[in-house]
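Shown next, in structure tokens, is the structure this report addresses.
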Amino acid sequence: MESRALIAGGETFTTEFKRSDISAKDLTKAVACLANGEGGVLLIGVDDDGTVVGASPRHGQVTNPERVAAYIQANTEPALAVGVHLETIDGHEVIRIDVPRADPGPVGTKLGVFTKRVLKSTGQPECAPMTAHEIVSMGMVARGQDFAASIARDASMDDLDPLEFDRFRRLCQEAGDELADLSDDDVLRALGLVPIAAPVSIGAVLLFGTDAALQRWVPNAEVLFQDARSGHQSTNIRIAEPLLGTAERLRELIDARNTVTELMAGLYRIEIPLIPSITRREAVANALVHRDYAAVGPIRVQLNDSSFVVANPGGFPPGVTTQNILDQSRPRSPILAAAFKRAGLVERRGKGVNDMFEQQLRAGRDAPDYSHSTSESVVVTVPLGNADLDLVRFLLTWESDHQEPLSLDELRIVHEVKTSGSATSFEVAGDLNLISAIVKSSLGHLVECGILESRGVGRSRKYHLTARFYDLAQDRNAYVRVKGIDPLQQERMILDYADAYGSITRGQAAELCQTTPTQARSVLKRLVEDGRLRLTGERRGARYVPRE
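For any residue, its number in this note's numbering is found by taking its place in the sequence shown, counting from 1, and adding 180.
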């Protein structure tokens with residue numbers, strides 16, 4: 181991206197501005213900080229507010245980019261190669277430093293300073309000191325080392341609980357795994373839990389350790405379970421047990437609080453649980469397997485009135501983001517992941533998150549949400565609001581009649597269209613972060629199947645649920661409202677209102693067009709993208725005004 185555009189966008193997680201006379205020591209520290217995040221661009225000679233003031237010459241009367249790059253490489257450990265360029269912006273010379281992501285990481289200065297890029301609670305970026313456990317954890321992950329394979333120094337087989345081995349064998353037997361017949365020693369060898377030159381690994385302690393062993397070698401291995409729902413007795417339970425026992429204990433606690441809604445779909449009686457067993461299993465197991473056991477803090481499992489929340493210390497493993505979580509499966513600890521698969525505690529194909537999404541959508545609820553995750557923790561929020569039973573009945577009836585299950589992408593698309601009332605393929609692809617070609621193909625298939633209808637042509641073609649759905653839902657008027665008003669007419673009405681009164685809110689647009697706020701948002705978003713309206717303010721203060 182051009183430097184001018186970066187400056188206009190302000191400081192971000194991957195863009196940093198520095199004053200013109202930054203010292204060589206602070207410069208190296210700033211570069212290492214960016215490298216320990218996602219990498220990015222450091223611009224010297226730009227104030228924090230984006231004012232370009234120019235960089236002071238660093239080598240007499242001039243700045244030599246090669247010397248700047250060589251200094252950074254010589255004063256970082258491990259040595260970090262960066263790209264340095266001089267650019268003239270608004271008549272001032274600015275030094276641009278392109279910083280790669282640390283690989284392997286982390287990167288520190290030769291003076292032993294380790295910092296990393298983080299976002300403050302205000303959303304502003306900063307460089308924060310790295311703790312010892314963060315340095316160790318990041319180094320192991322970057323180098324492909326499994327923390328579970330580390331030596332538990334001075335530990336022996338006496339520190340492992342025979343009852344936990346029996347639990348593992350029982351789970352393996354239930355899952356039909358051959359490890360059910362092995363001895364304790366052979367189980368450790370089969371799982372790769374016997375480190376070189378030592379009898380016991382950290383992973384062995386996590387899976388089979390006694391209470392005393394866990395407290396000594398992995399004191400962070402604890403879970404806090406909370407039931408904070410109104411109308412229920414407040415519950416706070418601390419669990420500090422080996423991982424297999426913890427998984428079973430959480431299953432009991434959650435299932436004891438689960439409820440079921442019965443639904444008739446044709447001749448079939450369907451039970452829709454508040455928390456599907458697959459969702460509970462995968463959310464809990466992912467937290468236990470993927471958490472960073474070098475990080476301070478417990479796993480949190482909470483039930484509240486609107487959601488089921490599981491949060492674990494440590495960000496996503498490298499390469500996994502909130503955008504690609506359905507496509508990437510990279511366990512932080514392959515050893516622990518393999519043990520949970522053998523015990524039948526996670527989905528063996530490595531697609532547990534996909535199964536969570538599918539179960540939520542089939543229950544007529546919103547998909548799991550990972551948007552509250554940070555570089556410090558992974559947080560999955562599973563909505564528990566009222567299920568859209570009409571949509572559940574409609575899809576179950578269709579699948580039963582046609583003996584053809586919908587794919588996960590198709591379920592996501594149907595839910596998005598239902599939530600929006602109607603939407604274009606471009607809008608669906610953007611909201612679901614899916615490839616446009618896949619969305620177009622899926623929409624075409626759903627129309628052929630009689631699940632969706634389309635109206636309009638080209639980019640303005642919109643999709644909505646068929647009349648059959650609204651008939652089953654006993655809301656035929658809603659079908660008329662969704663299909664009736666032309667999108668071009670909606671746009672014209674909104675533009676006329678904004679011209680006449682100076683601005684329009686999302687609520688006013690919804691009332692004007694007789695649509696839902698979500699549908700109004702889609703129209704307003706399209707008008708902003710086309711340059712016909714401009715968004716000002718945020719949240720409740722957001723208003724859409726005509727372009728000057």
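Heads up, the beta-carbon is just placed ideally off N, CA and C, and yes, glycines get one too.
- Spanning the alpha carbons of residue 546 and residue 591 requires a straight line of approximately 11 Å.
- Comparing alpha-carbon positions, the option among 705, 585 and 510 lying closest to residue 604 turns out to be 705.
- Residue 568 and residue 576 have their C-alpha atoms roughly 12 Å apart.
- The closest CA to that of residue 596, considering only 586, 612 and 584, is found on 612.
- Taking residue 552 as the centre and dropping the five residues before and after it, the same chain places the C-beta of 559 and 561 closer than 7 Å to its C-beta, in chain order.
- Non-local C-beta neighbours of residue 405 in its own chain, meaning closer than 6 Å and more than five positions away in sequence, comprise 417, 433 and 481, ordered along the chain.
- For residue 515, the three-state secondary structure derived from DSSP is helix.
- In chain order, 408 and 409 place their CB closer than 7 Å to the CB of residue 484, counting only its own chain and leaving out the 5 sequence neighbours on each side.
- In the assembly as shown, residue 444 is an exposed residue. Its beta-carbon has fewer than 16 other beta-carbons within 10 Å.
- Judged by DSSP secondary structure, residue 296 falls within the beta strand (DSSP E) whose first and last residues are 295-299.
- Residue environment for residue 439: exposed (fewer than 16 other C-beta atoms within 10 angstroms of its C-beta).
- Looking at 718, 465, 635 and 309, the one whose alpha-carbon comes closest to that of residue 424 is 465.
- If you draw a straight line from the Cα of residue 292 to the Cα of residue 307, it comes to about 15 Å.
- Sequence-distant partners of residue 253 (beyond 5 residues in either direction) whose C-beta falls short of 8 Å from its own C-beta, in its chain, are 259, 260, 261 and 262.
- A distance below 7 Å between beta-carbons, with the five flanking residues on each side excluded, links residue 451 to the following residues of its chain, in chain order: 440 and 442.
- Where residue 667 is concerned, the enclosing alpha helix (DSSP H) starts and stops at 667-681.
- In the same chain as residue 184, and ignoring 5 residues on each side of it, the C-beta atoms closer than 7 Å to its own belong to 269, in chain order.
- Counting the other CB atoms within 10 Å of its CB gives residue 507 a total below 16, which places it among the exposed residues.
- Each of 598, 593 and 275 was checked against the Cα of residue 621, and the nearest Cα belongs to 593.
- Listed in chain order, the beta strand (DSSP E) elements of length 3 or more contained wholly in the region 611-656 are 632-635 and 642-645.
- Judged by DSSP secondary structure, residue 366 falls within the alpha helix (DSSP H) whose first and last residues are 364-370.
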